[in-house]
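Protein chains in written order, with my numbering: chain V, 124 to 377; chain S, 55 to 237; chain L, 201 to 561.
Glycine included, C-beta positions come from ideal geometry on N, C-alpha and C.
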Amino acid sequence: MLAKDIIKPENLVYQKTKLMTDNVLSYCPGCGHGTAHRITMEVLEEMGIGDETIGVAPVGCSVLAYEFMNIDMQQAAHGRAPAVATGIKRCYPEKFVFTYQGDGDLAAIGTAETIHACNRGENITIIFVNNGIYGMTGGQMAPTTLPGMRSSTSPYGRDVNLMGNPLKMTELVAQLPGTSFVSRQAVHTPKHVRKAKKAIRQAFELQKQKKGTTFVEIVSNCNSGWKMTPVQANQWMEENMFPFYPLGDIKVPE
Amino acid sequence: MTEEIIIAGFGGQGVLSMGKILAYSGIMQDQEVSWMPSYGPEMRGGTANVTVIVSDERISSPILNQFDTAIILNQQSMDKFEETVKPGGVLLYDPNGITRHPSRTDIRIFQIEGAKKAADLGNTKIFNMIVLGAYLQIKPIVKLENVVLGLKKSLPTRYHNLIPMNENAIQEGMKNVTAYQPA
Amino acid sequence: MARELKLMKGNEAIAEAAIRAGADAYFGYPITPQSEVIEYLMAEKPHERTGKVVLQAESEVAAINMVYGAAGAGKRVWTSSSSPGISLKQEGISYIAGAELPCVILNVVRGGPGLGTIQPSQADYFQSVKGGGHGDYRLIVLAPSSVQEMADYVVDAFDLAFKYRNPVLILSDGVIGQMMEKVYLIEQRPRLTDEEIKQRYAWATTGKKDGTERRVITSLALKADEMEAHNIHLQKKYAEIEANEVRFEEFQCDDAEYVFVAYGSSARVCQKAVQLARNKGIKAGLLRLITLFPFPKAEIGRLTGQVKGMLAVEMSSGQMIEDVKLAVNGRIKAEHFGRFGGNIPTPDEVLYALETQIIGG
Chain V
124 MLAKDIIKPE
134 NLVYQKTKLM
144 TDNVLSYCPG
154 CGHGTAHRIT
164 MEVLEEMGIG
174 DETIGVAPVG
184 CSVLAYEFMN
194 IDMQQAAHGR
204 APAVATGIKR
214 CYPEKFVFTY
224 QGDGDLAAIG
234 TAETIHACNR
244 GENITIIFVN
254 NGIYGMTGGQ
264 MAPTTLPGMR
274 SSTSPYGRDV
284 NLMGNPLKMT
294 ELVAQLPGTS
304 FVSRQAVHTP
314 KHVRKAKKAI
324 RQAFELQKQK
334 KGTTFVEIVS
344 NCNSGWKMTP
354 VQANQWMEEN
364 MFPFYPLGDI
374 KVPE
Chain S
55 MTEEIIIAGF
65 GGQGVLSMGK
75 ILAYSGIMQD
85 QEVSWMPSYG
95 PEMRGGTANV
105 TVIVSDERIS
115 SPILNQFDTA
125 IILNQQSMDK
135 FEETVKPGGV
145 LLYDPNGITR
155 HPSRTDIRIF
165 QIEGAKKAAD
175 LGNTKIFNMI
185 VLGAYLQIKP
195 IVKLENVVLG
205 LKKSLPTRYH
215 NLIPMNENAI
225 QEGMKNVTAY
235 QPA
Chain L
201 MARELKLMKG
211 NEAIAEAAIR
221 AGADAYFGYP
231 ITPQSEVIEY
241 LMAEKPHERT
251 GKVVLQAESE
261 VAAINMVYGA
271 AGAGKRVWTS
281 SSSPGISLKQ
291 EGISYIAGAE
301 LPCVILNVVR
311 GGPGLGTIQP
321 SQADYFQSVK
331 GGGHGDYRLI
341 VLAPSSVQEM
351 ADYVVDAFDL
361 AFKYRNPVLI
371 LSDGVIGQMM
381 EKVYLIEQRP
391 RLTDEEIKQR
401 YAWATTGKKD
411 GTERRVITSL
421 ALKADEMEAH
431 NIHLQKKYAE
441 IEANEVRFEE
451 FQCDDAEYVF
461 VAYGSSARVC
471 QKAVQLARNK
481 GIKAGLLRLI
491 TLFPFPKAEI
501 GRLTGQVKGM
511 LAVEMSSGQM
521 IEDVKLAVNG
531 RIKAEHFGRF
541 GGNIPTPDEV
551 LYALETQIIG
561 G
């Protein structure tokens, strides 16, 4: 097949969703954020709600999510995305509103906003990317850093007696009456990507039905912060992160 | 005409609502009014006071350190506010619970046995209306009919059946106020 | 137009006036001495009256960020708090100013620093007019001195906020918030529909329309040149506000030899002090500031050609006096008199200060 045939629309096997911009992603090669962005936007496109959705970007590696997600977006102060999303959704209950947050944003500085938005059952979707480290600021310890895991502020490994324990926000919000769907997924293999996308789809479908807060954690890697190659990082994630943060649905609607 | 009043006593005596009814009554006869309460932790069972100004003109400061009239309903307030009455002004108080009676001779002093009268009538809730009546007997700055209108304005409709009782209490106060001469 | 007359607390009057001004949402957190605002709103069921959203947030921090979200989507939204809570909101206010979102913030000031006191104060002047949060930004600051003005200024505040896409701060205090006075209320104005918002505010994130550019609300510009350009744009806007929006009121200034400069409840005290001074034969007047930013520099400058001295009266240890002195520029005597920590100056004290610090000083 010639190149001009390959690019014919009828021979198309994959196309980037129109809800991703053409801007070059600012993420490190091997990082899960790009995939997480893409599947979120694919879900919006497949549901036909891209024009009815307002996204809220966090502070952290994905602070520039609004550069890549081709929808109306607001950039929130560190940790405050669920409050910003609450403000939008309360005023526009028929629109779709989601936050996209990392572990520092959601599980440290924004813990109160996260828990209270979930507890009020705000009709929003929270997408929580957990890679157990602060990527943007250069690899410092996160609330989700594993025991013994090294970071630039736990250079000898996280000593839980000194530094406290990792926080399982997803299990925590699953206990709140305001959440209807809480799931933990990953995006490092095609199989995992399909499952994660299915979970995000379910989250937005439930938002459409006004079922309260839907929450999808994506356990991801940070090869730069973890100081590994992308392949090593994915392997390390499977061996260390998944046992501590087991994948699967934690809460589903009755 | 400008009348600057401090009403002071315990929280729960109806100090603030007495001031409010007075302010409403002023509005009913087209006057300018202001009502400035003390607020805060002292409200919770402690002392409460409110400054009420009724005037024919635009009111300047809602905060005052001297008053035309002080209505004093407990000893702490007597200690604090006796000195703030302008020379020639009025001090009205309920002697119930007062251990040190006022001693100034450059002001006019009156007593109203409000607590006792309310107890005699079997309704402690009308205490503040009895005191209000006593005040209006001394200084009829607002007409009784406007007080009734003010009550109507300030009370939720479901309590409007209580208005005749309050009106009655005001009249009891008017009848029972007495002048007091410091020893 | 018929205006309804009520006896209300300042905190209640502003809440009622905001509903009538067509506000879409309020997010707040209780703190003395302004909890009546959210209590009143909740009791009034504005969601039934006009469809207005009222939500008690988990903190002042969350409340101001809810304001950010709703404002970014083009809604008329406001919040209120008192000093310690306003400090908590500063991060969000800086983001709102940076992202150029319209909103109204009420501060019913109490004495500080720290937890301070719940009694009235004006010690948040610097915080209000000099920034408050991080970065080079300004709020439009309106200072009501009566219950009526609490009601009037919230209407003006929404108009100014949308005119300039800038947060407007209503700087009140415990006296104005807690006192009751007569207030004339405007008739209910309709809230804008979602369609009207979409038509009027092209910048608002209400959901992308097909074929149009997506909207982004952000205060971030990673490149220094971009951020500088944004700052220059902001400064131009602030200069425009300074040129167009200065507001003040003068009381017996025509023949005055001395003037008090004050705002809010201090201005009320000074008005009484003017009467007391005139009774003693002192030709005193009052310049009452309505806008604190923009500051009435030109008017103060003009008065320096007429009066012999100025006394800035504030419930602080001397904050506004710095701006007064800058405007006076050494031409006449200008001094500060204040009570603070929750104490309110009396008219007598203010007059004495004028006599000793300015006239005899």
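Exercise. Would you list the residues sitting across from Asn162(S) in a DSSP beta bridge?
Key: First, the residue type needs correcting, since residue 162(S) is Arg and not Asn in the sequence shown. Arg162(S) pairs with Val144(S).
Quiz item: Can you name the residues that DSSP bridges to Lys374(V)?
Solution: Val305(V)
Quiz item: Per DSSP, what kind of secondary structure is Phe338(V) in: helix, strand or coil?
Solution: strand
Practice problem: Tell me whether Ile341(V) counts as near the ligand ZN, meaning its Cβ is closer than 7 Å to at least one heavy atom of that ligand. | Solution: As for the ligand ZN, it is missing from this structure, which has no ligand bound.
Quiz prompt | Nearest residue (CA-CA) to Pro152(V), options Lys218(V), Pro205(V) and Cys345(V) | solution = Cys345(V)
Practice problem: Decide yes or no for the touch test of the stretch 289-307 of chain L against the stretch 361-369 of chain L: beta carbon pairs closer than 8 Å, at least 3 of them. | Solution: yes
Quiz item: Considering Trp278(L), what are the terminal residues of the beta strand (DSSP E) in which it resides?
Solution: Val277 to Ser281
Practice problem: Pull up the CB-CB distance for Thr268(V) and Arg281(V), whole angstroms please, since I reckon it's below 8 Å. | Solution: 5 Å
Exercise. Closer than 6 Å by C-beta to Asp523(L): which residues in its own chain qualify, once you throw out the five before and the five after it? Chain order, please.
Key: Phe495
Exercise. For chain L, find out if any of its Cβ atoms is closer than 8 Å to the Cβ of Ile161(S); answer yes or no.
Key: no
Quiz item: Nearest to Trp420(L) by alpha carbon, out of Val182(V), Thr144(V) and Ser149(V)?
Solution: It should be pointed out that residue 420(L) corresponds to Leu in this sequence rather than to Trp. The option with the nearest alpha carbon to Leu420(L) is Val182(V).
Quiz item: Is it buried or exposed for Ala443(L), if we count other Cβ within 10 angstroms and need 16 for buried?
Solution: exposed
Quiz prompt | Met196(V) - partner residues in DSSP beta bridges | solution = Gly178(V) and Val416(L)
Quiz item: Mind checking whether Ala161(L) and Leu241(L) have CB atoms under 8 Å apart?
Solution: A query on residue 161(L) cannot be resolved here, the shown segment of chain L reaching from 201 to 561 and no further.
Quiz item: Got a sec: is the Cβ-Cβ distance from Thr491(L) to anything in chain S below 8 Å?
Solution: no
Quiz item: Of the residues Gly68(S), Ser88(S), Ala77(S) and Gly73(S), which one's Cα is nearest the Cα of Gly377(L)?
Solution: Ser88(S)
Self-check item: Proximal chain L residues relative to Ile117(S), where beta-carbon distance stays under 8 Å
Solution: Val375, Ser465, Arg468, Val469, Ile544 and Thr546
Quiz item: Does Met97(S) come within less than 8 Å of chain L when only Cβ atoms are used?
Solution: Residue placement at Met97(S) cannot be trusted, given a pLDDT of 49 that sits under 50; the coordinates are not used to answer.
Quiz prompt | Proximal residues to Gly227(S) (C-beta, below 8 Å), its chain only, five neighbours per side dropped | solution = Ile166, Gly168, Lys171, Met183, Ile184, Val185, Leu186, Gly187, Ala188, Tyr189, Leu190 and Gln191
Quiz item: Among residues of its own chain, excluding the 5 on either side of Arg162(S), which ones have a beta-carbon nearer than 6 Å to its beta-carbon?
Solution: Val144
Self-check item: Rounded Cβ spacing between Asp213(L) and Val347(L) (contact assumed at less than 8 Å)
Solution: The residue you asked about is not Asp; residue 213(L) is Ala in the sequence shown. Yes, Ala213(L) and Val347(L) are in contact; Cβ-Cβ is about 5 Å, under 8 Å.
Self-check item: Among Leu255(L), Gln256(L) and Gly374(L), the one whose alpha carbon lies nearest that of Gln307(L)
Solution: First, the residue type needs correcting, since residue 307(L) is Asn and not Gln in the sequence shown. It is Gly374(L).
Quiz item: Which two residues bound the contiguous alpha helix (DSSP H) that contains Arg478(L)?
Solution: Gly464 to Asn479
Exercise. Evaluate the contact criterion for the stretch 248-267 of chain L versus the stretch 219-238 of chain L: three or more CB pairs, one atom per stretch, below 8 Å.
Key: yes
Quiz item: Looking at the C-beta of Met90(S), does it have a partner C-beta in chain L at a distance below 8 Å?
Solution: yes
Practice problem: For the stretch 279-300 of chain L, enumerate the residues whose C-beta is nearer than 7 Å to any C-beta of chain V, in chain order. | Solution: Glu291, Gly292 and Tyr295
Quiz item: So which residues of chain S does Met510(L) contact, with C-beta pairs closer than 9 Å?
Solution: In chain order: nothing, as chain S lies at least about 19 Å away.
Practice problem: Go through the stretch 188-233 of chain V residue by residue and report every complete run of the alpha helix (DSSP H) that reaches 4 residues or more, in order. | Solution: 188-191 and 204-214
Exercise. Take Ala265(V) as the anchor and find which of Pro289(V), Arg161(V), Ile250(V) and Tyr279(V) has the nearest alpha-carbon.
Key: Pro289(V)
Quiz item: Counting Cβ pairs, one atom from each stretch, are 3 or more of them under 8 Å apart for the stretch 359-369 of chain V and the stretch 60-73 of chain S?
Solution: no
Exercise. Would you check if the distance between the CB atom of Leu370(V) and the CB atom of Gln332(V) is smaller than 8 Å?
Key: no
Exercise. Under 8 Å between beta-carbons, which chain S residues line up against Gln378(L)? List them in chain order, please.
Key: Met90, Pro91 and Tyr93
Quiz item: For Cys303(L), which of helix, strand or coil comes out of DSSP?
Solution: strand
Self-check item: Residue interval of the alpha helix (DSSP H) (run including Val166(V))
Solution: His156 to Met170
Quiz item: Roughly how many angstroms separate the alpha carbons of Ser274(V) and Glu190(V), rounded to a whole number?
Solution: 28 Å
Quiz item: Whole-angstrom Cβ separation of Ile417(L) and Gln263(V), contact assumed at under 8 Å?
Solution: In fact, because the Cβ distance is near 28 Å, the residues do not count as touching under 8 Å.
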